[in-house]
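Undergrad: One structure coming up, written as structure tokens, with questions to follow.
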Amino acid sequence: MLDIVIRIALLCCSLAMLGLIYRVIKGPAIPDRVIALDAVGVNLVAITALISIVLHSSAFLEIILLIGILAFIGTIAFAKYLEKGVIIERDSHR
Amino acid sequence: MSFLHLAILSPLIYSLFMIFFKKFHRIHTGWFILPLPILLFIYFLSFLPVTSNQKMVTETFNWIPSLGINFTAKADGLSLLFALLITGIGALVVFYSIYYLDRMKEKLPSFYVYLLLFMGAMLGVVLSDNLIVMYAFWELTSFSSFLLIGYWYGREQSRYGAQKSMLITVFGGLAMLGGIILLYIMTRTFSISEIAAESHSIWGNSLFIPALLCILLGAFTKSAQFPFYIWLPDAMEAPTPVSAYLHSATMVKAGIYLVARFTPVFGDSGVWFWLVSGIGLITLTWGSIFAAKQTDLKGILAFSTVSQLGLIMSLLGVGSAALHYADLDENIYIVAVSAAIFHLINHATFKGSLFMAVGIIDHETGTRDIRKLGGLMTFMPITFTVSIIGAFSMAGIPPFNGFLSKEMFFTGMVRVTEMDLFHLETWGILFPVIAWVASVFTFVYSMILIFKTFTGNVQLEKLDRQPHEAPLGMLIPPVILVSLVVIFGLFPNLLSDSLISPAMAEILPGLLGAGEEFTVHISSWHGFTIEVFMTLGVVILGIILYRTFPKWKTLYSKIPERMSLFRLYDQLVEGAQSGSYKLTKSFMTGSIHSYLVYIFAFFIFILTATLIGKGALKVDTGNVSAIGIYEWILALFVAAGAISILFVKSRMTSIILLGAVGYTVSLFYVLFRAPDLALTQLVIETISVALFLVCFYHLPKLRKYETRIRFKLTNALISIGVGAVVTVMALSAHSNKLFDSISKYYVENTYEKAAGKNMVNVILVDFRGFDTLFEITVLAIASLGIYGMIKLRGNRRKEG
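In the order they appear, the protein sequences are chains A and B. Be aware that the first sequence starts at 1, since it is given in this note's numbering, and climbs by one per residue. Be aware that the second sequence starts at 95, since it is given in this note's numbering, and climbs by one per residue.
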């Protein structure tokens with residue numbers, strides 16, 4: 001029973017991924033793509049979690065956390081880049 | 095190391111002391127050099143009693159015994175003849191150069207260092223029995239000759255001549271090295287005497303003819319044979335003592351020596367006979383015809399040297415036929431060999447004296463151009479006497495030694511017609527005819543040399559200085575040589591037992607029984623034979639041709655300049671330069687794109703060829719695990735991401751797509767149960783995407799246009815090819831798995847021996863920690879490099 005549920009969930013996630021990838025490729029503006037990429041990250045979290053259930057393993061929990069952090073940092077960096085043109089600003093007094 | 099070795103090396107060692115002589119400005123450096131060749135000459139004379147009894151002196155000094163390369167010095171009849179020529183004429187040339195080269199104006203130490211180098215190298219060539227040692231000395235002669243020709247390196251012509259002679263003689267030298275190696279492969283020894291003793295075993299070997307050709311190429315280039323004679327006239331830019339020494343008496347005879355030395359090895363083959371005698375005759379005729387055209391005295395002498403060397407070479411070729419007739423008593427062909435050796439000595443004497451006489455004329459009048467010279471007889475009576483004797487000897491007029499050797503030359507050539515091998519029944523008649531024609535021209539240019547210079551009207555206004563007789567010291571060496579010309583002409587049998595017969599015994603071994611020796615009897619008169627009439631004909635026709643020379647001289651200008659071998663050489667050198675430049679230009683385009691095309695095309699080619707050639711192309715699906723739905727989906731994602739990178743317009747999009755591919759790959763790691771890899775992949779992918787974005791942002795404004803990647807068929811073909819080849823290779827590698835994995839050991843021992851449960855990390859830091867160390871180093875270098883590139887940019891700007 002659980003097996004089937006997980007498969008359905010994975011399929012849904014994959015479909016969502018496909019849609020997001022379509023948006024990444026197509027997305028008329030950069031922010032569209034960035035948001036799509038952020039969502040890809042969230043989806044990755046879900047997929048990793050589901051796969052680790054399938055594989056009966058607890059070795060991938062760090063990955064879930066890492067994806068979360070990276071997606072956050074990445075999105076923030078992109079946002080800053082789009083806003084200011086730089087990611088790390090120089091010290092103003094130099 | 096014996097005394098003989100020391101004698102060979104003494105000029106080289108002595109040249110090291112030249113730095114001390116530099117200080118003595120008041121005494122001409124040549125005086126310090128002079129004793130050495132004289133002593134060596136006397137030392138080599140002491141070998142005469144040994145060699146005239148058909149014995150030899152052999153001394154071995156181990157150099158590289160494990161490779162069979164030992165410095166074996168061997169003084170036999172042939173070597174001794176050359177050694178005496180080298181040291182004797184060497185002494186005279188050093189003496190002459192003392193008066194020829196100015197103490198103050200010239201860089202004397204370097205001149206004498208080069209000359210001593212040359213002398214030692216030449217002694218080494220003729221006295222070495224080991225082929226590799228001989229080759230080393232051989233190249234040293236080329237090298238020192240290069241230095242001597244370019245002695246006045248300020249002149250363009252000197253540099254050109256030096257380069258030309260270097261290129262041609264080193265080309266021949268390398269060919270000779272090839273021949274030596276082939277001989278070694280056949281006989282397993284580098285010793286000439288052993289090779290000659292074993293020569294019967296190598297006849298018919300498939301390497302025999304290539305070895306023969308390579309050795310002959312070396313001999314022909316060194317001895318200025320057709321068509322390699324072209325370096326010799328340009329070598330006349332050297333100081334005259336050098337021309338007298340190297341380019342008439344010694345170095346150009348190294349090739350003759352080589353041919354004589356190898357006659358016992360190769361002499362029995364028809365190829366050898368035809369090449370040596372044929373090329374010799376061509377050189378003889380060609381050189382003599384073109385000598386008459388020259389207007390520069392040294393040019394005449396250069397071409398005449400070429401021609402006379404051809405004469406000696408053809409005699410050696412004809413003489414090699416004597417090896418076919420084992421019977422000594424009726425062997426009428428050995429006369430060619432004795433003529434060759436006799437003429438070798440004669441040529442060294444009269445050509446040396448002629449060069450020195452020309453040097454005197456150049457020195458005392460300031461020109462060597464026969465159009466400016468004339469009527470010098472009254473100004474320089476001694477030089478005139480020297481020249482006329484030398485030139486008459488060269489032309490073959492009695493009673494000088496050239497007459498005798500020319501008679502013997504004719505005898506040898508006439509006897510070719512009686513041979514019944516190598517198709518000589520039909521072609522043999524050409525030999526005496528060509529030889530006779532060449533002798534006529536020899537007569538003509540000898541007369542031009544003498545009479546255009548010394549008779550006729552004096553053209554004082556064309557001369558740089560008032561002509562006068564040379565100082566006594568300058569005259570002594572040519573006078574000595576010329577008196578030898580007369581002495582050998584009147585008493586030729588002085589040489590026959592002491593020098594000629596022992597040398598012949600070396601060239602034609604096997605013809606002599608025990609205790610026998612060649613009886614050479616040279617007489618100036620042997621009745622009304624065909625040779626006498628040939629000589630008479632040469633003189634009569636020669637006089638007629640000389641008288642009418644101005645009328646037919648214009649024939650020379652009819653020969654098109656483009657046909658000349660000199661032009662051909664220039665075009666060859668230039669063509670090689672521009673051709674290689676064009677070739678390099680054609681593929682070294684400077685664009686990375688084309689280099690990548692070469693690399694990948696080669697990659698595809700070589701891997702396909704190997705896979706097919708080795709029969710490794712095999713796809714075996716028996717060992718493959720089933721592909722689940724998740725793998726399909728992920729593979730679809732990766733493929734979709736990778737392919738869409740090719741088609742997107744914006745660079746930003748392609749970076750993001752690259753990131754997406756990277757993240758999907760990390761999912762693959764998850765799926766294939768590699769949590770550590772997945773972790774690292776995620777972090778690294780994020781960082782590298784960030785770095786790409788940084789690069790993207792800093793692109794210069796001008797080039798910031800965004801276009802789709804242009805389609806190119808080559809690129810598409812190559813990338814598809816690389817992908818296909820790698821895929822096929824991976825499949826084949828999987829199908830051809832030969833051994834089990836060693837990972838079982840790690841699985842069993844990770845906790846047992848290394849006290850860890852994470853196997854990947856235990857491998858990284860414990861089982862194979864060494865790799866990790868250096869990957870840390872790589873990262874350190876990369877970061878330092880980046881830091882350096884960013885920080886040091888300003889400094890470079892300041893310097894620039």
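We treat Cβ as the ideally placed atom computed from N, Cα and C, and that holds for glycine. Remember, it's a predicted structure, so these values are computed and weren't measured experimentally.
Identify the contact partners of A:GLU62 in chain B, using a Cβ-Cβ distance below 8 Å as the criterion.
TA: Within 8 Å Cβ-Cβ: PRO769, LEU773.
Undergrad: Quick check: what's the CA-CA separation for A:ILE73 versus A:GLY85?
TA: Cα-Cα distance, rounded: 16 Å.
Undergrad: So what's B:LYS168 in DSSP terms, helix, strand or just coil?
TA: In this structure, B:LYS168 counts as strand in the three-state DSSP scheme.
Undergrad: According to DSSP, simplified to helix, strand and coil, what is B:SER222?
TA: Here B:SER222 sits in strand by DSSP.
Undergrad: Would you mind reading off the limits of the beta strand (DSSP E) that contains B:GLU153?
TA: Counting along the chain, the beta strand (DSSP E) containing B:GLU153 begins and ends at 151 to 158.
Undergrad: Determine the direct distance from the alpha carbon of B:ASN852 to that of B:ARG862, and round the result to whole angstroms.
TA: Between B:ARG862 and B:ASN852, the C-alpha separation is close to 14 Å.
Undergrad: According to DSSP, is B:ASP390 helix, strand or coil?
TA: B:ASP390 falls in the strand class under three-state DSSP.
Undergrad: To the nearest angstrom, how far is it from the Cα of B:ALA695 to the Cα of B:LEU858?
TA: If I take the Cα positions, the gap works out to 36 Å.
Undergrad: How should B:LYS258 be labelled, buried or exposed, when 16 other C-beta atoms within 10 angstroms of its C-beta is the threshold for buried?
TA: Buried is the call here.
Undergrad: If you measure from the beta carbon of B:TYR724 to each beta carbon in chain A, is any gap under 8 Å?
TA: For B:TYR724, the answer is yes, since a Cβ of chain A falls inside 8 Å of its Cβ.
Undergrad: Can the beta-carbon of B:PHE212 be found closer than 8 Å to that of B:SER239?
TA: Yes.
Undergrad: Do B:HIS341 and B:THR399 have their C-beta atoms closer together than 8 Å?
TA: Contact: yes.
Undergrad: Exposed or buried, which one is A:HIS56 when buried takes at least 16 other CB atoms within 10 Å?
TA: By the neighbour-count rule (16 or more Cβ atoms within 10 Å), A:HIS56 is not buried but exposed.
Undergrad: B:SER738 to B:VAL764, Cα distance in whole Å?
TA: Roughly 24 Å between the two C-alpha positions.
Undergrad: To be precise: take each residue of the segment 745 to 756 of chain B, compare its Cβ to all Cβ atoms of chain A, and keep it if any distance is under 8 Å. Which residues remain?
TA: Cβ contacts with chain A come from MET746, THR747, ILE750, LEU751, GLY753, ALA754.
Undergrad: Alpha carbon to alpha carbon, what distance is there between B:LEU276 and B:GLY894?
TA: Unreliable placement is indicated for B:GLY894, whose pLDDT of 45 sits below 50; no coordinate value is reported for it.
Undergrad: Verify the CB distance criterion: does A:ILE51 have a CB-CB separation below 8 Å to chain B?
TA: Chain B contact via Cβ: present.
Undergrad: Counting only Cβ pairs nearer than 9 Å, list the residues of chain B close to A:GLY74.
TA: In chain order: GLY753, THR780, VAL783, ALA784.
Undergrad: Less than 8 Å between the CB atoms is what I'm expecting for B:LEU210 and B:PRO105, so what's the real figure, rounded?
TA: Right, the Cβ-Cβ distance comes to about 4 Å (below 8 Å), so this counts as a contact.
Undergrad: Does the segment 170 to 187 of chain B come within contact of the segment 333 to 349 of chain B, defined as at least 3 CB pairs closer than 8 Å?
TA: Yes, they touch.
Undergrad: Who are the neighbours of A:ALA59 on chain B, taking C-beta pairs under 8 Å?
TA: In chain order: ARG767, PRO769.
Undergrad: Going by DSSP, which residues form a beta bridge with B:ASP463?
TA: Bridge partners of B:ASP463: B:ASP390.
Undergrad: Any Cβ of chain B within less than 8 Å of the Cβ of A:ALA77?
TA: True, the Cβ-Cβ gap to chain B drops below 8 Å.
Undergrad: Please give the ranges of any alpha helix (DSSP H) in the segment 310 to 337 of chain B, keeping only runs that are unbroken, at least 4 residues long and fully inside the region.
TA: With a minimum length of 4 residues, the continuous alpha helix (DSSP H) runs that stay inside the segment 310 to 337 of chain B are 325 to 328.
Undergrad: Does the structure place the segment 809 to 819 of chain B close enough to the segment 99 to 113 of chain B that three or more beta carbon pairs sit under 8 Å?
TA: Segments in contact, no.
Undergrad: Compare the C-alpha of A:LEU61 against each of B:VAL819, B:GLY709, B:PRO769 and name the closest.
TA: The option with the nearest alpha carbon to A:LEU61 is B:PRO769.
Undergrad: Taking CB distances under 8 Å as the criterion, tell me whether A:ARG33 reaches chain B.
TA: Yes - at least one Cβ of chain B is within 8 Å of the one on A:ARG33.
Undergrad: Quick check on the DSSP output: the alpha helix (DSSP H) that includes B:ILE426 runs from which residue to which?
TA: Premise fails: B:ILE426 is in no alpha helix (DSSP H) and is neither H nor E.
Undergrad: Taking beta-carbon pairs under 8 Å, can you tell me which members of the segment 35 to 47 of chain A lie near chain B?
TA: Residues passing the 8 Å Cβ filter: LEU37, VAL40, GLY41, LEU44, ILE47.
Undergrad: Could you have a look at B:ILE880 and say whether DSSP puts it in helix, strand or coil?
TA: In the structure shown, B:ILE880 sits in a helix (DSSP, three-state: H, G or I).
Undergrad: Which residues mark the beginning and the end of the alpha helix (DSSP H) in which B:TYR692 is found?
TA: 686 to 707 is the span of the alpha helix (DSSP H), which, as asked, contains B:TYR692.
Undergrad: Shortest alpha-carbon distance to B:ARG465 belongs to which of B:GLY506, B:VAL412, B:THR549?
TA: When only C-alpha atoms are compared, the closest one is B:THR549.
Undergrad: Judging by CA-CA distance, which residue of A:ILE30, A:PRO28, A:VAL54 is the nearest neighbour of A:MET1?
TA: When only C-alpha atoms are compared, the closest one is A:VAL54.
Undergrad: Straight-line CA distance for B:LEU306 to B:PRO596?
TA: Distance between the alpha carbons of B:LEU306 and B:PRO596: 25 Å.
Undergrad: Counting only the same chain and skipping the five closest in sequence on each side, list residues whose C-beta sits under 8 Å from that of B:PHE189.
TA: Here the set comprises GLY124, LEU128, GLY567, ILE570, PRO571.
Undergrad: What are the residues in the segment 687 to 714 of chain B lying within 9 Å of chain A by C-beta distance?
TA: Against chain A - using a Cβ distance shorter than 9 Å - the segment 687 to 714 of chain B contributes no residues.
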